[in-house]
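Asks: Quick one: structure below, then a few questions.
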Amino acid sequence: MDHEGAGRGPGEPVTSREQDAVRLLLLIDGACEPVTEAETELPGLQRAVGVMRTQVKLQKLDFWLRNPDYLANELLTAYEAEPEEALLDLAGRILDSEEPEVRRYPMLRHHFGAYEWLDDALAVLRSAGLLVRKRRGTVDRVRQHDYFLLEHGRYVAREIIRQEPDFGYYVQRVEDVLRLAGEKSGSELKKQQYLTREYADTPRGSRIGAITEQARRRLADFRQQLQVKGVGGA
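When you line the sequence shown up against my numbering, it's residues 1 to 234, in that order.
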């Protein structure tokens, strides 16, 4: 059973602030890029070890992390375009298990795609001295949020994994999500995610529904095609 938030309104969170904080810390730790020398000279960033640029990209990566069914479906789409066995194997490991049911935390469909209010969770990280948020733009219009991981944040992320090995699941899936995303920007990931009909057709303000069964049918079709090719080439 996935975490659809029974008894909650569509805009109410399906995860706790603490769950979100840990997941986002591990995501930012895995996805951040090196800071520039100029950035380390800015107030509060002397101990920054990496930066996750733009909230849009953070939200889009988090969508695949929170929705293994959509992650697996995208892996199958990538496999369809370029048949690499590793893509099919990873999609199979996800879809052959209960991961899409037990690890799924659906997000709202916002004007800009999948979205969840993350400020409370990010505030936990900031108040603990793990993360610094910097805004770009003007007082009247913020163009971009950048999230700088501090040395203590990286240390805490490593300690979480050491003390609670079950969180290693997120470390592995962050790696999988990043390989799938490649060098795409947040806007490019948004466009890619909108190509899935169930995602695009979700009414704005509603939670994006599961596609587990559709993805499992696609997986079965690809496996059957491989079997037919194997028989034909025997």
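Each residue gets a CB set at the ideal place from its N, CA and C atoms; glycine is no exception.
Just so it is clear, the structure is predicted and the values come from calculations on it, not from any experiment.
If the criterion is Cβ atoms closer than 9 Å, does the pair V177 and L61 meet it?
Replies: yes
Asks: In chain order, what residues of the same chain have a beta carbon less than 8 Å from the beta carbon of F222, not counting five sequence neighbours either side?
Replies: L76, Y79, E80 and L88
Asks: Name the residue from M52, L45 and R133 whose alpha carbon lies nearest to the alpha carbon of S185.
Replies: M52
Asks: How is the alpha helix (DSSP H) around R124 delimited, first residue to last?
Replies: Before going on, a small fix: residue 124 reads as Val here, not Arg. Residues D119 to S127.
Asks: Looking only at its own chain, which residues have a Cβ that is under 6 Å from the Cβ of E37, when we skip the five neighbours before and after it?
Replies: none
Asks: Cα-Cα, which of G30, Q214, Y199 and R154 is closest to L125?
Replies: R154
Asks: So for L42, helix, strand or coil by DSSP?
Replies: Three-state DSSP puts L42 in coil, outside helix and strand.
Asks: CB-CB under 7 Å to G50, same chain, minus the five flanking residues each way: which ones, in chain order?
Replies: C32, E33, P34, V35 and L149
Asks: Just how far apart, CA to CA, sit L180 and H152?
Replies: 28 Å
Asks: Terminal residues of the continuous alpha helix (DSSP H) containing V56?
Replies: Q55 to R66
Asks: Buried or exposed: where does A215 fall if 16 or more other Cβ atoms within 10 Å of its Cβ makes it buried?
Replies: Result: buried.
Asks: With C-beta atoms as the reference, is R207 less than 9 Å away from R66?
Replies: no
Asks: For F167, which three-state DSSP category applies?
Replies: helix
Asks: To the nearest angstrom, how far is it from the Cα of S187 to the Cα of V156?
Replies: 30 Å
Asks: What does a CB cutoff of less than 7 Å around A121 pick up in its chain, not counting 5 residues either side in sequence?
Replies: R17, D20, A21 and L24
Asks: Rounded to whole angstroms, how far is the Cβ of P68 from the Cβ of R103, which I believe are closer than 8 Å?
Replies: 5 Å
Asks: Could you give the first and the last residue of the continuous beta strand (DSSP E) run that contains G113?
Replies: G113 to Y115
Asks: What span of residues does the alpha helix (DSSP H) with L25 cover, start to end?
Replies: R17 to A31
Asks: Name, in chain order, the residues that DSSP records as bridge partners for D146.
Replies: R53 and K134
Asks: DSSP three-state label for L195, please.
Replies: coil
Asks: Identify which residue in Q193, Y147 and E85 has its Cα closest to the Cα of L27.
Replies: Y147
Asks: Under a CB-based cut-off of 9 Å, is E116 close to chain B?
Replies: Among the chains of the structure shown, chain B does not appear; only one protein chain is present.
Asks: Nearest by alpha-carbon distance to K57: which of I211, E82, E159 and H145 is it?
Replies: Among I211, E82, E159 and H145, the Cα nearest to that of K57 is on H145.
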